[in-house]
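Quick notes on the structure that follows.
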Amino acid sequence: GGFPSRMFAHVLVAGIDKGPKKLTRKMSEKKIKQRSRVRPFVKMINYNHIMPTRYQVDLDLKKLELQAKAGEDAVVLTLDEETVADAGKRASARKAVKKVFQEGYFAQDK
-10 GGFPSRMFAH
0 VLVAGIDKGP
10 KKLTRKMSEK
20 KIKQRSRVRP
30 FVKMINYNHI
40 MPTRYQVDLD
50 LKKLELQAKA
60 GEDAVVLTLD
70 EETVADAGKR
80 ASARKAVKKV
90 FQEGYFAQDK
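Rendered as structure tokens:
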């Protein structure tokens, strides 16, 4: 189904624009942290441009928790069409997705 803004079948996708770089044993903790950064994206994509693969990731991205600023409570953000439409919310969602992806990267079994 489509919305007036997108008259085609579409899906919300969160993915990795730029992945972590290769690490070696002799790198310092600071260097490892720097090279392990992930640049994510959050956008709506037409079904025709999606290609199924055998790969799966077990990360929950439905409700994202944003970091609290000084003196404020943490905010839970729902990842949906409304979030992607608003530039401010989309930037916040991208930061929250980045946190989830990086935690998933560090938590993987090696």
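Residue numbers (this note's numbering): -10 to 99.
For every residue, glycine included, the Cβ atom is placed at its ideal position computed from N, Cα and C.
Exercise for review: Just the C-alpha distance for residue -6 and residue 34, rounded to the nearest angstrom, thanks.
Suggested key: For the purposes of this step, residue -6 is identified with residue 5 of the sequence shown, where counting begins at 1. For the purposes of this step, residue 34 is identified with residue 45 of the sequence shown, where counting begins at 1. Their backbone Cα atoms lie some 13 Å apart in a straight line.
Exercise for review: Check whether the stretch 63 to 79 touches the stretch 9 to 18, taking contact to mean three or more Cβ pairs, one atom from each stretch, closer than 8 Å.
Suggested key: Output reads no: the stretch 9 to 18 does not touch the stretch 63 to 79.
Review point. Is DSSP giving residue 3 helix, strand or coil here?
Key: Locating residue 3 in the sequence shown gives position 14, counting from the first residue. The answer is strand: DSSP assigns residue 3 an E or B state.
Check your understanding: How far does the alpha helix (DSSP H) with residue 19 in it reach, from first residue to last?
Key -> Within the sequence shown, numbered from 1, the residue matching residue 19 stands at position 30. Counting along the chain, the alpha helix (DSSP H) containing residue 19 begins and ends at 18 to 24.
Point to revise | DSSP state of residue 89 mapped onto helix, strand, coil | key: As a first step, residue 89 must be located in the sequence shown, where it is residue number 100. The answer is helix: DSSP assigns residue 89 an H, G or I state.
Point to revise | Contact check, residue 72 vs residue 82, beta carbons under 8 Å | key: Taking the sequence shown and counting its residues from 1, the one referred to as residue 72 is at position 83. Taking the sequence shown and counting its residues from 1, the one referred to as residue 82 is at position 93. In this structure, residue 82 lies closer than 8 Å to residue 72 by Cβ.
Review point. Name the DSSP beta bridge partners of residue 48, please?
Key: Position 59 of the sequence shown, counted from the first residue, corresponds to residue 48. For residue 48, which the question treats as bridged, DSSP gives no partner whatsoever.
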